[in-house]
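What follows is one structure encoded as C-alpha cells, with my remarks underneath.
Chains as they are written, first to last, in my numbering: chain A, 132 to 433; chain B, 2 to 199.
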C-alpha cells in the first residue's frame, strides 16, 4: 500500500484494508457511545459522538442480568440507523461469523467482535478478512492486538473491564500494549524473532512495529470510562479515541456528561478545559471494584 | 506526539485537530518538510499561514468548532485569504450548503458548492479508485470513506478532478476541497500542490 498499487487501477474497489482502516482513521480523536435505543442515539449524536454502538443492553446491565449475551435484534439496530447520520457500529459474539454476516447485511459501519457478549467459539475468532465491513476487536496486550490484526481487524481497542465504570483495567491494557510497542522500537532485528514468539504474533507485524513505531491500525480505549478525566487519561496514555459504554447512559444526566466527555477527548492535554467541562455533571455511574466482579470479560478472547 | 512536528520550513500549516484524521495530514505534510501546528483553541491560530481541515465526523467537528470558539476566528482568516484545504468532512465544513446534515450544523460557506453528506451510502460502499488530476502526469489513488458528494458547483469553482461525472477535487480562490482522502494514500502530490499556494 505504501506505493500506489498499479494492478486493477481502472476499477474502484470496496472493502480493502485501506478502505476499512480509513474509517478507523476518521474516528480518531472522537467518542463512540453505546446506545440501546433511537432516543439515546439522538442524545449521543447531539452531544458530538463520532459514532454510536447499537446494542440491546449496556455492559453494566449485561453484567447484572447474567445469562448469554448475543447480537442485538436487527430491528433495534435498524431503528438506530434510521435516526443517526453518524456511523453505527454493532457487536457480534467472538467467533460468531453468522452474527457478523447478519450485521454486514444490515449495513452497519463497523462490527465489534466483542468479549462483552458471550463467546461463541472458544478457539477461533472471526476470519475478518472475508468481510467488506471493517471490524474492531479488543485486546489486553500487544500479542492479542497483533493476532486480531492478522485476522483482519481494522481497529484495536483496549478491552478494559466493560460495565464497571472503573478505568483501572483499561489503563493496564493500554500501558501493556503501548509499553511493548515502545520496547520493540528499541529492539535489534534478532530480538524481534523472540518478541514474535513471546507475543504469539506473526513476525512481519512485529517487524512492522519496529519500523514504523506503531500498529498498522489505530488503537482506541474501551472499558471503564465514566468521566471526562477518564477519557483524557486514556488519550494521554496514547489511545487515539475512546469508546464509552455504560459510563454515559448509566449516569444521572447523560446528555451533559456525553458532551463533556467529547470535549475532554478533544482537549485531552488541557486540564483547564477538562475542569471546566467536568463541573456540575451530576453523579457518574456507581462503578464496581475489580475484587467484586464475578466474570472478567477481558479474559474472553484468545 | 508534539504539537509542532517538523522543522524545516518557515511556513506553518495548521491542522484542525478537534476530531478526525488530523494525524495523517500531519504525517503527509511532515514528509514534504512542512511545519504543522495542531489547532484546538483560538490561541493555536496565531502563528499559522494556512489551514487543513481533515476528514472525520463533520457534525462532531461542527459542534466542537463552536464550543472551542474557533468558528468565528477561522471564518475571518478564510475571508482574509488564508489558504485552506478541506478533505471529506473538511470539505463539508467549507461548503455553502450542506444536504442531509444536522439542522444545527455550521459551515463556513467559503466555496460555492452544495455538498451531500454520506452520499455514497454506508461504510460497505466506501471505495478506492484512480482519478485523473488535471496538473498531474500520473493518476492519483483516491480513497473515499463514507464520502460526501458535490451536488452543485458555482461558476467560480475550478474543477481539478472528477470521478466519472462527479466533481471530487475543486478550488475557488484560497479554498481547496477534496471529497476523498489524499492523506491516506501515501502520495503527497496534492499536499505539495496546496503548500505551493502559501
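Beta carbons are placed, not taken as given, at the ideal position from N, Cα and C, and that holds for glycine.
Proximal residues of chain B, C-beta to C-beta of residue i below 9 angstroms
i: residue 144/A; result: 128, 129 and 130
i: residue 241/A; result: 124
i: residue 342/A; result: What residue 342/A touches in chain B: nothing, since even the nearest Cβ is about 14 angstroms away.
i: residue 238/A; result: 122, 123, 124, 125 and 126
N-terminal and C-terminal residue of the beta strand (DSSP E) that residue i is part of
i: residue 69/B; result: Neither: residue 69/B is in no beta strand (DSSP E) and is coded neither H nor E.
i: residue 288/A; result: 286–289
i: residue 83/B; result: First-last for residue 83/B: undefined, no H or E at that position.
i: residue 170/B; result: 167–173
i: residue 413/A; result: Note, residue 413/A: premise wrong, no beta strand (DSSP E); not H, not E.
i: residue 37/B; result: 36–40
i: residue 117/B; result: 112–117
i: residue 159/B; result: 159–164
Short CB-CB distance (under 8 angstroms) between residue i and chain A
i: residue 13/B; result: no
i: residue 61/B; result: yes
i: residue 16/B; result: no
i: residue 21/B; result: yes
i: residue 191/B; result: no
i: residue 3/B; result: The predicted position of residue 3/B is uncertain, since its pLDDT is 46 and thus under 50; a value taken from the coordinates is nonetheless stated next. Taking Cβ atoms only, chain A never reaches closer than 8 angstroms to residue 3/B, which makes this a no.
i: residue 199/B; result: no
i: residue 136/B; result: no
i: residue 156/B; result: no
i: residue 64/B; result: yes
i: residue 185/B; result: yes
i: residue 144/B; result: yes
i: residue 175/B; result: no
Cutoff 8 angstroms: residue i Cβ touching any chain B Cβ
i: residue 368/A; result: no
i: residue 148/A; result: no
i: residue 382/A; result: no
i: residue 205/A; result: no
i: residue 233/A; result: no
i: residue 283/A; result: no
i: residue 181/A; result: yes
i: residue 394/A; result: yes
i: residue 292/A; result: no
i: residue 176/A; result: yes
Through-space distance from residue j to residue i, alpha-carbon basis
i: residue 419/A; j: residue 66/B; result: 36 angstroms
i: residue 80/B; j: residue 49/B; result: 15 angstroms
i: residue 414/A; j: residue 107/B; result: 32 angstroms
i: residue 325/A; j: residue 367/A; result: 29 angstroms
i: residue 200/A; j: residue 83/B; result: 53 angstroms
i: residue 123/B; j: residue 112/B; result: 26 angstroms
i: residue 182/A; j: residue 268/A; result: 16 angstroms
i: residue 403/A; j: residue 228/A; result: 45 angstroms
i: residue 154/B; j: residue 60/B; result: 22 angstroms
i: residue 205/A; j: residue 261/A; result: 21 angstroms
i: residue 392/A; j: residue 283/A; result: 30 angstroms
i: residue 75/B; j: residue 360/A; result: 28 angstroms
i: residue 416/A; j: residue 167/A; result: 16 angstroms
i: residue 438/A; j: residue 161/A; result: Outside the displayed span of chain A (132 to 433) sits residue 438/A, for which this structure offers no information.
i: residue 45/B; j: residue 18/B; result: 10 angstroms
i: residue 138/B; j: residue 177/B; result: 20 angstroms
i: residue 194/B; j: residue 148/B; result: 22 angstroms
i: residue 141/A; j: residue 126/B; result: With a pLDDT of only 48 at residue 141/A, under 50, the local geometry of the prediction cannot be trusted, and no value is derived from it.
i: residue 225/A; j: residue 184/B; result: 33 angstroms
i: residue 265/A; j: residue 173/B; result: 35 angstroms
i: residue 211/A; j: residue 185/A; result: 7 angstroms
i: residue 350/A; j: residue 156/B; result: 43 angstroms
i: residue 165/A; j: residue 423/A; result: 23 angstroms
i: residue 190/A; j: residue 352/A; result: 15 angstroms
Partner residues on chain E for residue i, Cβ-Cβ distance less than 9 angstroms
i: residue 56/B; result: The structure shown contains no chain E; its protein chains are A and B.
Closer than 7 angstroms at the beta carbon, the chain A residues around residue i
i: residue 150/B; result: Residues of chain A passing the Cβ test: none, with the nearest at roughly 14 angstroms.
i: residue 53/B; result: Those within 7 angstroms of residue 53/B in chain A number zero; the least Cβ separation is about 14 angstroms.
i: residue 119/B; result: 216
Amino acids of chain A, ordered along the chain, whose beta-carbon sits closer than 9 angstroms to that of residue i
i: residue 182/B; result: 153, 156 and 157
i: residue 101/B; result: 216
Expected contact under 8 angstroms - CB spacing of residue i and residue j to nearest Å
i: residue 162/B; j: residue 133/B; result: 6 angstroms
i: residue 337/A; j: residue 356/A; result: Actually they do not touch by this definition, with Cβ atoms about 29 angstroms apart.
i: residue 375/A; j: residue 287/A; result: Between residue 287/A and residue 375/A the Cβ distance is about 17 angstroms, and since that is not below 8 angstroms, they are no contact.
i: residue 386/A; j: residue 178/A; result: 6 angstroms
i: residue 429/A; j: residue 271/A; result: 5 angstroms
i: residue 305/A; j: residue 289/A; result: 5 angstroms
i: residue 239/A; j: residue 221/A; result: 5 angstroms
Under 8 angstroms by beta carbon: chain B residues contacting residue i
i: residue 264/A; result: 124 and 125
i: residue 161/A; result: 20, 21, 57, 58 and 61
N- and C-terminal bounds of the alpha helix (DSSP H) containing residue i
i: residue 197/B; result: 190–197
i: residue 126/B; result: That residue, residue 126/B, is in no alpha helix (DSSP H); it is neither H nor E in DSSP.
i: residue 170/A; result: 169–178
i: residue 308/A; result: 299–317
heavy atom of the ligand SAH below 7 angstroms from residue i C-beta
i: residue 166/B; result: You won't find the ligand SAH in this model; it holds no ligand whatsoever.
Neighbour list for residue i in chain B, Cβ cutoff strictly below 7 angstroms
i: residue 398/A; result: 41
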